[in-house]
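To keep things clear, I will list the structure first and then write my remarks on it.
Chains as they are written, first to last, in my numbering: chain U, 366 to 410; chain Y, 617 to 692; chain F, 2 to 700.
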């Protein structure tokens with residue numbers, strides 16, 4: 366039981382991370398005419 | 617022979633006469649570089665360029681190239 | 002509850018507009034971007050008397066409504082677009098009492114848009130020193146507005162300003178100058194063609210390239226007789242307009258303002274004599290830079306060590322306290338070291354922004370621009386390129402955006418292209434950890450060897466930037482006008498509140514912006530390092546046990562062999578080995594290779610990646626640094642991070658273009674893929690070659 370929950374959590378974390386990165390770099394770039402608004406892809410500054 | 621702002625020496629004052637040259641950016645006029653206004657050369661950077669000016673209380677720096685299009689009348 | 006009042010703060014640069022914004026909103030502010038462009042959008046909420054709330058926007062500083070940059074366009078687009086959700090109920094124009102005349106130009110323009118406009122006269126505390134006195138009643142009557150005389154420094158007059166904003170309906174909307182006074186014939190024709198439009202607004206649409214105007218513009222172009230005005234004619238009219246406005250302002254101020262020059266105390270000219278001096282000016286600038294770098298290194302080392310060991314402890318603690326399983330491992334080996342890789346940045350970023358904002362706030366930065374212009378021009382740059390190059394030490398992205406005020410396109414483009422060479426804060430953790438591994442402690446002339454190395458790297462960044470600018474200047478065939486106008490503001494003691502808010506905001510946006518990326522990458526890396534395909538990975542335990550069955554190994558040693566075997570056969574290990582041939586000549590092993598590849602998204606990922614790779618399967622409580630120091634070169638033996646490979650890595654990071662976000666910004670600012678693509682390949686190729694030569698030479 367414990368192992369299953371842990372695996373589910375890991376799976377969720379990885380899917381979340383992947384989705385986030387794809388959105389940030391791939392999806393945004395394809396329509397970069399609109400640029401990354403909001404808190405912006407920059408991250409630094 | 618007309619004098620231009622580029623000939624001004626450090627500490628000298630002059631009155632601006634004409635700024636209608638196309639080489640003068642609008643921004644400069646908006647900052648107060650207009651005919652009739654008093655201009656003083658506050659400081660020259662090394663190599664005599666750019667020029668640090670006081671135009672009617674506004675302090676700004678421009679390059680000699682731009683200054684050479686501004687016609688002035690030196691104060692005697 | 003009544004509706005929020007929309008307030009737009011507008012003003013020339015250097016009028017203390019941001020101080021007014023900070024005084025009104027305090028911590029109730031947020032910074033974002035205008036949709037579609039990278040202009041910073043600052044907004045906040047201010048509580049007004051009688052429970053009314055004001056939504057305040059701090060618009061970019063501009064000298065007039067004749068926009069010449071993206072930032073300035075934002076101002077005019079908002080003011081022309083009545084349908085914008087942020088369209089102001091009231092415009093608050095912030096002026097500086099010492100430059101009232103020039104500041105009023107913008108005021109009269111906004112007033113002519115028939116928007117209720119308040120006039121804020123800031124820095125009232127300086128009136129006494131400058132011998133200025135104002136007849137407020139007279140000015141209010143002449144300018145047909147309400148005036149708030151305030152001092153953000155002394156915190157005076159803010160309540161009165163709030164009161165005036167709350168009563169915005171009482172502010173008159175009568176314009177100052179009739180547009181038809183500028184050129185009767187032209188404007189009367191214009192009005193005839195568009196009887197329902199505000200003349201001044203039409204005029205702005207005609208003369209500008211504003212987005213909002215596009216539809217209106219077509220209509221205007223459609224009416225034939227307005228096309229006839231050539232660009233030069235329009236410019237002449239703009240000049241005429243400016244002169245007209247100044248005439249009006251001069252008339253008003255002649256009665257409303259008296260300046261007793263004998264009262265004026267002139268600190269400015271004394272300071273300028275030293276700070277812009279031919280010799281002392283440069284010497285002081287150099288000393289200031291030196292101090293900054295030494296300070297960043299020295300002051301932040303204590304909190305950084307503390308953060309490093311705290312996260313190592315946390316990771317260990319998690320592992321011991323939580324039930325065993327995959328997710329616990331993810332926490333202890335992926336997420337916590339990943340978070341540590343973000344938090345460890347905070348002290349240095351905060352210090353860097355502290356110094357930069359102090360230099361900007363004090364007015365010193367303009368003197369540097371003045372001093373450096375002639376020198377920089379020799380390299381095809383502008384004096385204004387100094388600001389991006391210096392703020393590039395924080396991050397290339399805001400630095401590239403700071404090039405917008407460079408008037409000449411060629412100078413601006415070159416600045417954009419070379420700015421990524423300056424040592425940004427994302428390189429810092431990479432430098433710091435490698436320097437601490439390969440450069441001995443000890444001091445030379447009071448400066449630590451390690452600090453000196455760091456300074457050298459900063460110098461290298463600047464030198465490369467300037468030299469490549471020189472080459473680009475020769476190579477690029479672009480003709481463009483070389484305007485250069487820079488205001489030399491008064492010296493001011495930086496206000497604590499402004500500096501603190503800048504530091505806080507920048508650090509926050511780093512942690513939440515870059516932080517999310519680093520965290521996501523560390524989670525994925527952890528997964529790739531903890532799982533692998535095929536029998537080699539899954540049967541690691543039995544393979545190792547049979548292999549070492551003959552030797553008498555302790556439990557610990559066996560488990561260490563197992564985890565390193567697993568790592569080598571995990572997804573990440575396989576990828577790493579695949580790219581190893583490319584990076585071996587530089588002195589790196591496959592683990593460093595993975596770190597380099599993942600840091601093409603963002604440099605700071607490097608340390609985080611190594612942290613993750615080295616944590617996977619490691620049980621002991623050790624800091625990242627200790628783990629890196631313990632790594633052994635698989636082929637040559639000896640420590641993996643030795644002098645040669647360390648220097649090679651430092652050089653690689655100094656030159657390589659490893660930041661997706663910078664590339665995206667360059668694309669946006671240059672409006673073409675050509676430049677970012679060139680940057681990526683030329684910079685990274687150069688980095689590879691230099692690192693290769695360095696390693697082969699030093700090994």
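Beta carbons: idealized from backbone N, C-alpha and C, even for Gly.
Limits of the unbroken beta strand (DSSP E) element including residue i
i              : result
residue 630(Y) : 629 to 634
residue 43(F)  : 41 to 48
residue 123(F) : 118 to 123
residue 78(F)  : Note, residue 78(F): premise wrong, no beta strand (DSSP E); alpha helix (DSSP H) at 71 to 81.
residue 96(F)  : 91 to 97
residue 420(F) : Run containing residue 420(F): none; DSSP gives neither H nor E here.
residue 9(F)   : 6 to 12
residue 659(Y) : 654 to 660
residue 678(Y) : 674 to 678
Assigned secondary structure, residue i (DSSP; H/G/I helix, E/B strand, else coil)
i              : result
residue 667(F) : helix
residue 530(F) : helix
residue 299(F) : helix
residue 540(F) : coil
residue 444(F) : strand
residue 1(F)   : With chain F represented from 2 up to 700, any question about residue 1(F) goes unanswered, as that position is not in the structure.
residue 639(Y) : coil
residue 179(F) : coil
residue 54(F)  : strand
residue 579(F) : helix
residue 258(F) : strand
residue 216(F) : Only weak support is given to the placement of residue 216(F): the predicted model assigns it a pLDDT of 48, under 50, and the question is left unresolved by the model.
residue 668(Y) : strand
residue 364(F) : coil
Option nearest residue i by Cα separation, candidates the options
i              : options                        : result
residue 656(F) : 179(F), 597(F), 494(F), 389(F) : 597(F)
residue 651(Y) : 661(Y), 666(Y), 671(Y)         : 671(Y)
residue 71(F)  : 41(F), 89(F), 86(F), 84(F)     : 41(F)
residue 233(F) : 642(Y), 657(Y), 686(Y)         : 642(Y)
residue 413(F) : 372(F), 319(F), 474(F)         : 474(F)
residue 649(Y) : 690(Y), 691(Y), 686(Y)         : 686(Y)
residue 369(F) : 457(F), 386(F), 664(F)         : 386(F)
residue 678(F) : 498(F), 418(F), 293(F), 565(F) : 418(F)
residue 527(F) : 375(U), 367(U), 388(U)         : 375(U)
residue 1(F)   : 600(F), 577(F), 599(F), 63(F)  : There is no way to answer for residue 1(F), as the model of chain F reaches only from 2 to 700.
residue 248(F) : 182(F), 308(F), 290(F), 517(F) : 182(F)
residue 366(F) : 375(F), 384(F), 439(F), 379(F) : 384(F)
residue 337(F) : 355(F), 563(F), 322(F), 314(F) : 314(F)
Where residue i falls, given that 16 or more other Cβ within 10 Å makes a residue buried
i              : result
residue 680(F) : buried
residue 185(F) : exposed
residue 74(F)  : buried
residue 21(F)  : buried
residue 175(F) : exposed
residue 113(F) : buried
residue 109(F) : buried
residue 349(F) : buried
residue 216(F) : Because the pLDDT at residue 216(F) is just 48, under 50, the model does not fix this residue reliably, and the value given afterwards should be weighed accordingly. The residue in question, residue 216(F), is exposed, as its Cβ has fewer than 16 Cβ neighbours within 10 Å.
residue 197(F) : exposed
residue 339(F) : buried
residue 97(F)  : buried
residue 95(F)  : buried
Endpoints, the alpha helix (DSSP H) within which residue i is located
i              : result
residue 192(F) : 185 to 194
residue 551(F) : That residue, residue 551(F), is in no alpha helix (DSSP H); it is neither H nor E in DSSP.
residue 567(F) : 556 to 569
residue 23(F)  : 18 to 26
residue 688(Y) : That residue, residue 688(Y), is in no alpha helix (DSSP H); its beta strand (DSSP E) goes 687 to 690.
residue 390(F) : 387 to 392
Residue i Cβ short of 8 Å to the ligand FAD heavy atom set
i              : result
residue 622(Y) : Among the ligands in the structure shown, none appear at all, so the ligand FAD cannot be discussed.
Query raised in the report: Residue ranges of each beta strand (DSSP E) run of no fewer than 3 residues wholly in the region 451 to 491 of chain F, ordered along the chain?
Result: 486 to 488
Query raised in the report: Which full runs of the beta strand (DSSP E) of 3+ residues lie inside the region 584 to 663 of chain F, going along the chain?
Result: None, since the region 584 to 663 of chain F contains no complete beta strand (DSSP E) of that length.
Report task. Could you tell me which uninterrupted beta strand (DSSP E) segments, each at least 3 residues in length, are contained entirely in the region 108 to 165 of chain F, listed from first to last along the chain? Result -> 118 to 123, 133 to 135, 148 to 150
Query - Contiguous alpha helix (DSSP H) assignments of at least 4 residues, all confined to the region 272 to 330 of chain F - result: 281 to 322, 327 to 330
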